[in-house]
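Before any comments, here is the structure.
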Amino acid sequence: MHDFCFTIPYGLLLVCGGVIGYLKRGSTASLGGGVGAGLLLVLAGYLSLQAFHKRKNSYFALILETAVAAILSFIMGQRYMQTRKIMPAGVVAGISVVMTVFYIYKLATGGNHIPPKTE
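Just so you know, the sequence shown maps onto residues 155 to 273 in our numbering.
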């Protein structure tokens, strides 16, 4: 499975969560963190998709995805440990840990596997 197949929906989920957090609670931290991290992930997913169309790997995008997911895992994991609230800290931390493991796997196995060109 290619990283952009999960990264773009993951990023959009974070953007939506940030907007919802702002609308429901007026939380500018949710807006800034969710939208900021989400847009970085959507951008990285887009770069990876464009590289895939050119039959290349974008290691820059993969490293950016890994860094954002790892930072979110740490920050939201800490917030969950402090508050014990499943929503949103526990959910975001859990998804981010899974995504971090996936990105590390992709880095370890050489990125997106480009199928041989058929003529």
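Glycine included, every Cβ here is placed at the ideal spot set by N, Cα and C.
Counting along the chain, the unbroken alpha helix (DSSP H) around K178 starts and ends at D157 to R179. Between Y234 and A223, the C-beta gap is not smaller than 7 Å, which leaves the two residues out of contact.
In terms of Cα proximity to G199, the closest of V252, F160, K260 and I249 is F160. Excluding residues up to 5 positions away in sequence, N266 lie with their Cβ nearer than 6 Å to the Cβ of F206 in the same chain. Apart from sequence neighbours up to five positions away, the residues of its chain that approach I249 with a beta-carbon distance below 8 Å are Y164 and L167, ordered along the chain.
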